[in-house]
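S.K.: Each residue of the sequence shown is one higher than the one before, starting from 578 at the first, in this note's numbering. One structure coming up, written as C-alpha cells, with questions to follow.
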Amino acid sequence: MKGAVNQKRLMVIGLDCLPPDLVFNKLDLPHLRRLMKSGVYGELRSTIPPITVPAWISMTTGKDPGELGLYGFRNRKEGGYGWFIANSQDVKESTLWDVLGKNGKNVIVSGVPLTYPPKPVNGCLISDFMTPSASSSFTYPAALKEEVLQLEPDYSFDVKEFRTEDRERVLRQIYAMTEQHFRVSKHLLAKYPWDFFMMVEIGPDRLHHAFWKYQDPLHRSYAAGSPFENAVRDYYIYLDKKVGELLEIAGNDTSILVVSDHGAQRMDGGVAINEWLIQQGYLVLKKTPGKVIPLEDAEVDWKKTKVWGAGGYYARLFVNVRGREAEGIVSNDEVEPLLSEISRKLIELKDPQGNRMSNTVYRPREIYKNVTGSAPDLIVYLGNLLWRSIGSVGHNSVFVSDNDIGPDDANHAPDGIFILREPQGLWGDAKGYIGRKKIYDIVPLVCRMMNIPWTV
C-alpha cells in the first residue's frame, strides 16, 4: 500500500442498475440531489448488452465487450456447446485502478464486478458479488480478509436466491448486505491512504428484480396496496443516506462520481428463444422433453441443428458452423444468408396480442471495435428489452409469462446514470443536466481528473 498521497482524490460510488427516471425525477434523494445541483448529471448509455458483466468492466477498462471477449456472466467455450462463468482471470485489459496504481496512486476498490479472485493493487481490494463465500480468498492483501471479518463476521457478497416468492427474506438480506458494504467501505476510507476509491453496491439490482412490480403501475402484475408498495422508494432513501455518509468522509475537495452500469424497467414476459428456433426448423431435438429443462440437458441433434440460443436479459444466437463448432453443419457460405433470414424473422416477430415486438438485432462485428472470444453470431433485444430471453425448452410455447430461473419483476434498460461533482470544473461552468454520456467516457474522464495518461 505504498505510494505518495496526491491531493487530487476521486471517489466513485457505483450503484448497480439505477434507472434515470427514479433518481432524477420520481424520488426525493437529498444527497444525490445536492450532487446534481452542484455538479453535472445525465444518462449513462451502457454496453451492448446492458448487463452487469460486461458493463462494469467495460466502464473501468474503456474496452467494449467484443474487445474483452465477455458477453455476459456466462460465456461460450470456444469450439463447443458449453459455458464458463467469467471472473477476474478473464480480464486481460488494464483497469483504472491498475493504471492509477502504476502511477503512484493509492487505491481502495470494493465490490466492483469481475474482481474475484482478487489481483494485486497499489492499495486494498475486496472482491465482488460473484465471490463464492467469505471462506474464499476475497481480499488484497490477503491479511485484509481477517480485518473485514472482524468488522463484519457474516460479510455477504450478494443476496442468496433473490429470485424467490419469499420477498420479506430478500428485502432483509438486501438491507443487511448493503449496510455491511458501506460500513466496511467507511472503515477502509478511514484507515488507509487513498487517492482513488471505488465501490459498487449490487443491492439496487436485486431490489429491482424482486420488487419492481410493486411500484410500477405499468407492470402486468402490479397491484396497488401491496405491503411492498414502498419497498423500492424506502430502499432508495436509505441508500441515499449511505451515500451521504461517504460524501461526509470525502469532504468538499474530493471529486465525486456516482454511476450505474445500466438501468431497469418492467419485464412483460419471456420469449422462449430455443422454442422459436425449434418451430422455425433451425434447432432440432432428438426427443421432446416432457418438462421444462435447460437446453444443455436436452438431447440436441447437432447433425441437424443450424442455430441454437441462450437465455438471459437478451438473446444470444449461435450458428452451428462447420469447422468452428465440434459438430457444425453450416458452411461458411451459408452463414450470412442464414443470419439475414433469422434477423428478418425476429424483427417481424409479433407478441401474443399480434403486435410487432420492436425487436432489435445486432451483429457483433458491426457494433464492437474488435471481436474476441466466442461471440454470439446475433445479439437480440426482445421488445426493447421489456421481454427476457428464455433459453430452456419444453414450454410448448414461444411466449411465457415468467422467468425460467425464478420470479423476476424487472429486466435491464440501456441507460444508467452518472452524477459528477468536480471541484476544479472539468466541464467548465456546466451545471445540472448535460445529457447522455457513454459508459466508455468514464475512463478518459477519470484519467483527466487524476492527471494520468491513458491510451484506449
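C-beta atoms are modelled at their ideal positions from N, C-alpha and C, and glycine is treated no differently.
Got a sec? Which residues, its chain only, sit under 6 Å from methionine 588 by beta carbon, not counting five neighbours each side?
M.R.: Closer than 6 Å at Cβ, skipping near neighbours: Phe774, Ala827, Thr831 and Ile833.
S.K.: Where does cysteine 1024 sit, in a helix, a strand or coil, going by DSSP?
M.R.: In this structure, cysteine 1024 counts as helix in the three-state DSSP scheme.
S.K.: By DSSP's criteria, leucine 592 is part of a beta bridge. Which residues make up the other side?
M.R.: Glu778
S.K.: May I have the straight-line CA-CA distance separating alanine 663 from valine 630, to the nearest angstrom?
M.R.: 8 Å
S.K.: Please report the residue range of the beta strand (DSSP E) in which glutamate 620 lies.
M.R.: 617 to 622
S.K.: Going by other Cβ atoms of all chains shown within 10 Å of its Cβ, with 16 needed for buried, is aspartate 723 buried or exposed?
M.R.: In the sequence as presented, aspartate is not what sits at residue 723; that position holds glutamate. Its Cβ having fewer than 16 others within 10 Å, glutamate 723 is exposed.
S.K.: Comparing C-alpha positions only, which one of Leu677, Thr624, Asp641 and Leu609 sits nearest to arginine 586?
M.R.: The alpha carbon of arginine 586 has as its nearest neighbour, out of Leu677, Thr624, Asp641 and Leu609, the alpha carbon of Leu677.
S.K.: In chain order, what residues of the same chain have a beta carbon less than 7 Å from the beta carbon of leucine 926, not counting five sequence neighbours either side?
M.R.: Met934 and Asn936
S.K.: Taking buried to mean at least 16 other C-beta atoms within 10 Å of its own C-beta, is tyrosine 1010 buried or exposed?
M.R.: exposed
S.K.: Does the separation of the CB atoms of aspartate 593 and proline 781 fall below 8 Å?
M.R.: For the pair aspartate 593 and proline 781, the CB atoms are nearer than the 8 Å cut-off.
S.K.: Using 8 Å as the Cβ pair cut-off and three pairs as the minimum, do the stretch 958 to 972 and the stretch 985 to 997 touch?
M.R.: yes
S.K.: Under the assumption that aspartate 985 contacts valine 869 (Cβ atoms under 8 Å), give the Cβ distance between them as a whole number of angstroms.
M.R.: At roughly 15 Å, the Cβ-Cβ gap does not stay under 8 Å, so aspartate 985 and valine 869 are not in contact.
S.K.: Buried or exposed: asparagine 583, going by 16 or more other Cβ atoms within 10 Å of its Cβ?
M.R.: Confidence is the limiting factor: at asparagine 583 the pLDDT is only 41, short of 50, which leaves the residue's position unreliable and the question unanswerable from this model.
S.K.: Using the C-alpha atoms, what's the distance from serine 714 back to serine 615?
M.R.: For serine 615 and serine 714, the gap between their C-alpha atoms comes out near 40 Å.
S.K.: Specify the secondary structure class of phenylalanine 759 as computed by DSSP and reduced to three states.
M.R.: helix
S.K.: Can the beta-carbon of glycine 656 be found closer than 8 Å to that of alanine 952?
M.R.: Not closer than 8 Å, so no.
S.K.: Measuring only the C-alpha atoms, how far is threonine 624 from asparagine 1028?
M.R.: 26 Å
S.K.: I need the straight-line Cα distance from methionine 578 to aspartate 772, nearest angstrom please.
M.R.: Summary for methionine 578: the model assigns pLDDT 35, below 50, so the residue's position carries little reliability, and this model does not support an answer.
S.K.: Taking leucine 621 as the reference, which of Val1020, Gly1012 and Val1023 has the closest Cα?
M.R.: Gly1012
S.K.: Let me check understanding here. Comparing Cα to Cα, which of Ala841, Asn909 and Arg998 lies closest to proline 597?
M.R.: Checked all of Ala841, Asn909 and Arg998; the closest Cα to proline 597 is Ala841.
S.K.: So what's glutamine 842 in DSSP terms, helix, strand or just coil?
M.R.: strand
S.K.: Any idea which residues DSSP pairs serine 687 with across the strands?
M.R.: Ile703 and Met776
S.K.: Can you name the residues that DSSP bridges to leucine 997?
M.R.: Val617 and Leu834
S.K.: To the nearest angstrom, how far is the alpha carbon of aspartate 910 from that of valine 898?
M.R.: 10 Å
S.K.: Could you check the C-alpha separation between glutamate 918 and leucine 955 for me, to the nearest Å?
M.R.: 12 Å
S.K.: State the beta-bridge partners of isoleucine 870 as determined by DSSP.
M.R.: Val970
S.K.: Using a Cβ-Cβ cutoff of less than 7 Å, which residues in the same chain neighbour isoleucine 1036 once the five nearest sequence positions on both sides are dropped?
M.R.: No answer is possible for residue 1036: it lies beyond the span of the chain, which begins at 578 and ends at 1033.
S.K.: If you draw a straight line from the C-alpha of glycine 639 to the C-alpha of tyrosine 1017, how long is it?
M.R.: 5 Å
S.K.: For a cutoff of 8 Å on Cβ pairs, would you count proline 953 as touching chain B?
M.R.: Of the chains in the structure shown, none is chain B; there is only one protein chain.
S.K.: Which term fits asparagine 851, buried or exposed, when burial requires 16 or more other beta carbons within 10 angstroms of its beta carbon?
M.R.: In the assembly as shown, asparagine 851 is a buried residue. Its beta-carbon has 16 or more other beta-carbons within 10 Å.
S.K.: State the beta-bridge partners of asparagine 988 as determined by DSSP.
M.R.: According to DSSP, asparagine 988 shares a beta bridge with Gln842.
S.K.: Do valine 689 and valine 777 count as a contact pair if the criterion is CB distance below 8 Å?
M.R.: yes
S.K.: Check whether the Cβ of glycine 616 sits closer than 7 Å to any heavy atom of the ligand MG, and report yes or no.
M.R.: The model on display carries no ligand, and the ligand MG is accordingly not part of it.
S.K.: From tyrosine 799 to histidine 786, what does the alpha carbon distance come to, in whole angstroms?
M.R.: 14 Å
S.K.: What is the residue span of the alpha helix (DSSP H) that threonine 637 lies within?
M.R.: 629 to 638
S.K.: Around the C-beta of aspartate 733, are 16 or more other C-beta atoms found within 10 angstroms, so that it is buried, or is it exposed?
M.R.: In the sequence under discussion, the amino acid at residue 733 is serine, which differs from the aspartate named in the question. Classification of serine 733: buried, given that the 10 Å Cβ count is 16 or more.
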